[in-house]
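Only one structure is covered here, and it is reproduced in the block below.
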Amino acid sequence: YEEAAKYRDKIIRLSELNEKQSVLIDDRCTYQIWGFVKAKQTKYLCIQVIVKGKLLFQKGFYEDDHITEDDIFIENSYLDFIETQNHYPDKIICDDNVHQMLKRFLKISDPTPFLVSPKLGEKKQLLMNAHRNAQNGINRVELSKLKSSSNQALIQLKKSLNLKILPIDILGFDISHLQGTHIVASAVYFENGAPNKSKYRKYNIK
């Protein structure tokens, strides 16, 4: 009976969670949530589609920040996205800056119920979640760029030193002393062309 009660309580909690998700926003409307973020070299847009109160799917768009202006990037992302969609949105939830860019592109005058820039409440929470997903996306893109750059550097190093394999692990040592006493050695460690500071070491040498 105790085990049955535990499972019953779990089912109740899951049902309550599902119910909260279902009534988070008006389930009669189809929403798009646009989370737009920028890093030093990249801009990223996460578009989430919510149908009948449930997150149906999401898609990310990104490009190098210097290629186009933000409004052109938003316009191109919009055109690419709607080509693949069967669900035309009743409302787009986005930040003020995206709101203004979409308004100019779509030639919509204010006030418009189609574009929503929430400041508080459930829609704001949805927008913040889209921002988090966009930030995760841009982090992956930036990491991929860093790895690609590091690989090119390793390839060049291999060629310059006539190595048979890529120098995946690189250790550098430095010895310092004070007129032959207080000898200290330090070691730095590089993995895949990037510093791994958790493997840095210091040694006192007798």
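Here our numbering is used: the first residue of the sequence shown is 1050, the next is one more, and so on. The beta carbon of each residue, even a glycine, is placed where N, CA and C say it ideally should be.
Close-in-space but distant-in-sequence residues of the same chain around residue i (CB under 6 Å, 5 per side omitted)
i, result
"Gly1242", "Ser1199, Ala1202 and Leu1203"
"Lys1103", "none"
"Ile1099", "Tyr1080"
"Tyr1252", "Ala1234"
"Gly1109", "Cys1095 and Gly1186"
"Lys1239", "Just to set this straight, residue 1239 is Phe in the shown sequence, not Lys. Excluding residues within five positions, the ones whose Cβ falls inside 6 Å are Ile1219."
"Ile1131", "none"
"Arg1250", "Ala1236"
Contacting residues, own chain, Cβ-Cβ under 7 Å from residue i (five flanking each side not counted)
i, result
"His1180", "Gly1084 and Val1086"
"Ile1232", "Ile1224, His1226 and Ile1254"
"Asp1145", "Ser1166"
Beta-carbon proximity of residue i to residue j, cut-off 8 Å
i, j, result
"Met1150", "Asp1119", "yes"
"Cys1143", "Leu1128", "no"
"Gln1081", "Ile1141", "yes"
"Lys1207", "Leu1215", "yes"
"Thr1079", "Pro1138", "yes"
"Tyr1093", "Val1237", "no"
"Asn1182", "Gln1134", "no"
Option nearest residue i by Cα separation, candidates the options
i, options, result
"Tyr1111", "Ile1217, Lys1255, Gln1184 and Leu1215", "Gln1184"
"Ser1235", "Glu1124, Phe1222, Asn1182 and His1115", "Phe1222"
"Ile1123", "Leu1155, Asn1188, Asn1211 and Val1098", "Leu1155"
"Ile1116", "Lys1196, Gln1090, Ile1157 and Arg1077", "Gln1090"
"Gln1097", "Leu1175, Ile1157, Lys1246 and Glu1132", "Leu1175"
"Asp1245", "Thr1230, Ile1217 and Gly1229", "A quick correction: the sequence has Asn, not Asp, at residue 1245. Of the candidates Thr1230, Ile1217 and Gly1229, the one whose C-alpha sits nearest the C-alpha of Asn1245 is Ile1217."
"Ala1088", "Lys1196, Asn1188, Lys1101 and Leu1195", "Asn1188"
CB contact check: residue i to chain B, cutoff 8 Å
i, result
"Asn1146", "Among the protein chains of the structure shown there is no chain B, as only one such chain exists."
Opposing strand residues paired with residue i [DSSP bridges]
i, result
"Leu1094", "Phe1085 and Phe1110"
"Ala1236", "Phe1222 and Arg1250"
"Leu1227", "Thr1230"
Kindly provide the ranges of any alpha helix (DSSP H) runs that are 4 or more residues long and lie completely inside the region 1126-1196, ordered along the chain.
-> 1145-1155
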